[in-house]
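Asks: Quick one: the structure is below, and I'll ask about it shortly.
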Amino acid sequence: MSRPIHAKLDFSALEHNLRAIRRRTDARVMAVIKAEAYGHGLVRAAEALRAADGFALLDLQDAVRLREAGFRQPILLLEGFFAADELPLLAEYELASVIHSSQQLAQLSAYPRRGGLAVWLKLNTGMNRLGFTPAQFTQVLETVRRHPAVGEITLMTHFAHADDAVGVEAQLACFDALVGGQRLPRSLANSAALLRYPQTHADWVRPGISLYGASPFAEVSAEQLGLRPVMTLASEVISVTELKAGDRVGYGGSFCAERAMRIGTVACGYADGYPRHAPTGTPVLVGGQRTRTLGRVSMDMLSVDLSELPEAGIGSRVVLWGEGMPVDEVARAAGTISYELLCALARRVPIK
Ligand SMILES: *Cc1c(COP(=O)(O)O)cnc(C)c1O
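Each residue of the sequence shown is one higher than the last, beginning at 0 in numbering that gives the first Met the number 0.
Written as structure tokens, this is what we have:
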């Protein structure tokens, strides 16, 4: 027998979520599969998403892996190329590249090949992470248009506030003011914009987190959005301890029992990707019942309250997140977002 922790991936939920997204938009769907498809495994996730119109990721090597696995859709490198010597590979594998910087433009100028490179030209409309400024944009677009290596051009931007109260209005107005006159395909929307602002859908939407069945919004659950969790992180209770009032739990003894209680030790810790910052009270399912974590999360184990769960014992199934325990709730309790928990699933956790 091995350690009981495992991640169950429900790829039919990935297909379901893609269909749920399609029902909300007429735009083409570029499935974002960066960070090993948000921790779900690049190629297996892409296979479940084979009905997507395109894929977006970061690493050239991953893009090549996808092509070699037989995917024919557009594949977009979200940070583009990093050096001129990558350009021949982009051509060979027909990869599309974001161009966001003058340095990339200079590298492109030194590239002799003619035609074919699909470019997604990125405008910085206020996120101030990647992209040309509004002041640079018109000139840059002309340069890219005239460049002999460049094929189709798509205009893109990325929202900083699609998931919060600030919204997309200012960035959308900036984008429209600059590209309104261009007859080129456009792409703006991440999951939050796709779900909340239909006016941002344009030609291509770029959902990530929603495909994996988590919500981009603090106040709306994935279930309310019609999304199903793809990843379930599960394990078992491997030890049970009876506490007396005043007994403490775990490193630093940060949890102290106020009365006699029964607790369980679960084979899951921060080396599995469970957040160490999850405080006492973080929700968890034991034998299908909600309870809470107790004390500090250790590297390989954490403690749960079994006082109200008399049937639970060694071998009881524990769901850390996923089916029946939304990853968004666990993330909120731990002061982070579902994205971080999903991406951080450790390599040592077997996938089932
Ligand atoms: C990660 C990313 C997305 C997807 O964002 P979600 O919030 O996961 O939907 C879309 N576009 C860009 C440029 C990204 O980096």
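Virtual Cβ for every residue (Gly too), placed ideally from N, Cα, C.
#1: With a 10 Å radius around its C-beta and 16 neighbouring C-beta atoms as the bar for buried, classify M0 as buried or exposed.
#2: Out of F216, S297 and Y211, which one is the CA nearest neighbour of S253?
#3: Is any heavy atom of ligand 1 found at a distance shorter than 8 Å from the C-beta of V31?
#4: Let me make sure I understand the geometry here. Which of Y273, A333 and T290 has the alpha-carbon closest to that of A343?
#5: Can you find the residues in the same chain that come closer than 7 Å, C-beta to C-beta, to A83, ignoring five residues on each side of it along the sequence?
#6: Helix, strand or coil for V149, going by three-state DSSP, please let me know.
#7: Do you know how far the Cα of E141 is from the Cα of R113?
#8: List the whole-angstrom C-beta distance separating G166 from V236, where the pair is believed to meet the contact cut-off of C-beta under 8 Å.
#9: According to DSSP, what are the bridge partners of D304?
#10: State the DSSP-derived secondary structure class of A34, mapped to helix, strand or coil.
#11: For D9, which residues in the same chain have their Cβ closer than 6 Å to its Cβ, ignoring the five residues on either side in sequence?
#12: Could you pull the DSSP bridge partners for M324 from this structure?
#13: List the DSSP bridge partners of I74.
#14: Nearest-angstrom Cα distance between G150 and R23?
#15: Identify which residue in A47, A188, G38 and G40 has its Cα closest to the Cα of L17.
#16: Applying the 10 Å Cβ sphere with the 16-neighbour rule, what's the burial state of G249?
#17: Using a 10 Å radius around the Cβ and a threshold of 16 neighbouring Cβ atoms, would you call P206 buried or exposed?
#18: Between L340 and ligand 1, is the CB less than 8 Å from at least one heavy atom?
#19: In chain order, what residues of the same chain have a beta carbon less than 6 Å from the beta carbon of I98, not counting five sequence neighbours either side?
#20: Say yes only if the C-beta of I208 is nearer than 8 Å to one or more non-hydrogen atoms of ligand 1, and no if none qualify.
#21: Exposed or buried, what is G280 when buried is set at 16 or more other beta-carbons lying within 10 Å of its beta-carbon?
#22: Would you say the stretch 202 to 218 touches the stretch 25 to 38, given that touching needs at least three Cβ pairs under 8 Å?
Replies: From the atom records:
#1: exposed
#2: S297
#3: yes
#4: Y273
#5: Q106, A109 and Y110
#6: strand
#7: 17 Å
#8: In fact, because the Cβ distance is near 44 Å, the residues do not count as touching under 8 Å.
#9: I262
#10: helix
#11: V229
#12: G321
#13: F54
#14: 30 Å
#15: A47
#16: buried
#17: buried
#18: no
#19: G79, V118 and L120
#20: yes
#21: exposed
#22: yes
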